[in-house]
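In what follows, a structure is listed as structure tokens, so that the remarks can point back to it.
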Amino acid sequence: MSAMTECPETTGEFTEVERTVINRLQTGLPLVHLPYKAVADELGISEQVLLHTLQNLLDRRILTRFGPMFHAGEMGGGLTLAAMRIPEQDFENVTAKVNEFDEVAHNYRREHELNMWFVVATEAPDDIARVIAGIESSTGYPVYNMPKEEEFHVHLHFPV
Amino acid sequence: MTASPSPEYLTVVPEVAGVGPVSAWGLLRLRQQLERGLPLTPRPYQALAELTGLSEQEVMAAIRQWQDQGLIKRFGLVVRHRTLGYTANAMVVWDIPDDQVQNLGRTLARAPFVTLCYQRPRRLPDWPYNLFCMIHGVDRQRVLSQLATLIADQGLEQTPHAVLFSTKAYRQRGGCYVSHD
């Protein structure tokens, strides 16, 4: 998920193999010496086709990446969700200022009085306060900091 | 302030690895390599071993331990869900009495279309909501009808809530488990 001004919303048209691979590999790769072979056998395709399909999906930027997703908060870093209330005429300007902070990982406009929502991820937990203070002073608007207090387990899955 | 990470991930239990103490530098390099993605080669753990100075066995043991510890949440495809057609993404927020938020959080997380569910602090008076769920959908009407089902099933008709659809993504980046939309 590299930084970008807006995500291309190319609604995917996928081949049957791509569909199968996308759906299967959202649920994990086995920890065996030949993991791609194991999944390919399960799906009834060759290892080479599986690897080629993955590379192709990455090249087309359908996938962000292939591999483990680390839980930033649990790895010793800081992580929070923050919101701001930005007047319409200032929205673009403030967006640019907020996105100048490397620690801002996602920034979405949402339909609410609090209309700007972003994730702040830092190397150390103490850095969150510094980044939020920096955003407030750079933009002149207050930041509502809403760190996670409890996470309820879900099965994150996006079937195609 | 400089980073002083609690290096839980830099200690891999030797008994788990079935080997001697695992090099902390190797583990740090392994984490850095993994954040770039798993090599697309038939023996990816062996390839990572060569890049980090660990053995293939140590690489696999470290990954297994990080999964067990919850440091790795998912291991596989990290999808750019918008490119998969998931563009109707609602953050549904609820104002729940504090003594009920745990129960309801667990209940809502079980709904098949709820993709994230967190308790977060209220920011009164502007923000009274303390339970946040994401519903990712391919169209807005379907998301709203899923939400209506959830409200009816759980008897939440009287529970204050708000639905915040995202209308534009200005930045999506990561490599960490921080996806919110």
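Chains as they are written, first to last, in the numbering used here: chain A, 376 to 535; chain B, -5 to 175. All C-beta atoms, glycine included, are put in the ideal place defined by N, C-alpha and C. Please read these numbers as outputs of a predicted model, since none were measured by experiment.
Task: Cross-strand partners of PHE126 (chain B) (DSSP beta bridge) - done: B:VAL87 and B:TYR112
Open item on the list: Given this structure, state the Cα-to-Cα distance separating LEU141 (chain B) from GLN40 (chain B), to the nearest angstrom.
Closed with: 46 Å
Open item on the list: I want to see whether chain A comes within less than 8 Å of VAL49 (chain B), judged by CB atoms only; does it?
Closed with: Going by the sequence as given, residue 49 (chain B) is Ser instead of Val. Answer no: the Cβ-Cβ gap between SER49 (chain B) and chain A never drops below 8 Å.
- [ ] Compute the Euclidean distance between the alpha carbons of MET85 (chain B) and PRO122 (chain B), then round it to the nearest angstrom.
- [x] 15 Å
Open item on the list: For ILE437 (chain A) and PRO36 (chain B), I'd like the C-alpha separation in whole angstroms.
Closed with: 22 Å
- [ ] For my contact list, VAL529 (chain A) and ALA103 (chain B) are in at a C-beta cut-off of 8 Å; report their separation, rounded to the angstrom.
- [x] 5 Å
Task: Among A:HIS487, A:ASN468, A:THR395 and A:PRO410, nearest to MET54 (chain B) - alpha-carbon criterion - done: A:PRO410
Task: ILE66 (chain B) - DSSP class collapsed to helix/strand/coil - done: strand
Open item on the list: For a contact defined as C-beta to C-beta under 7 Å, what are the partners of LEU21 (chain B) on chain A?
Closed with: Residues of chain A passing the Cβ test: none, with the nearest at roughly 12 Å.
Task: Cutoff 8 Å: MET459 (chain A) Cβ touching any chain D Cβ - done: Here the protein chains are A and B, and chain D is not one of them.
Task: Cutoff 6 Å; reference ASP451 (chain A); Cβ partners in own chain excluding five residues on either side - done: In the sequence as presented, Asp is not what sits at residue 451 (chain A); that position holds Gly. None.
Task: Presumed contact (8 Å Cβ cut-off) between LEU456 (chain A) and TRP492 (chain A), rounded CB distance - done: 7 Å
TODO: Return the residues of the stretch 26 to 47 of chain B that lie within a Cβ-Cβ distance of less than 8 Å from chain A, sorted by chain order.
DONE: LEU28, GLU29, ARG30, GLY31, LEU32, LEU34, THR35, PRO36, ARG37, PRO38, TYR39 and GLN40
Open item on the list: Does the CB of GLY515 (chain A) have a neighbour CB from chain B at under 8 Å?
Closed with: no
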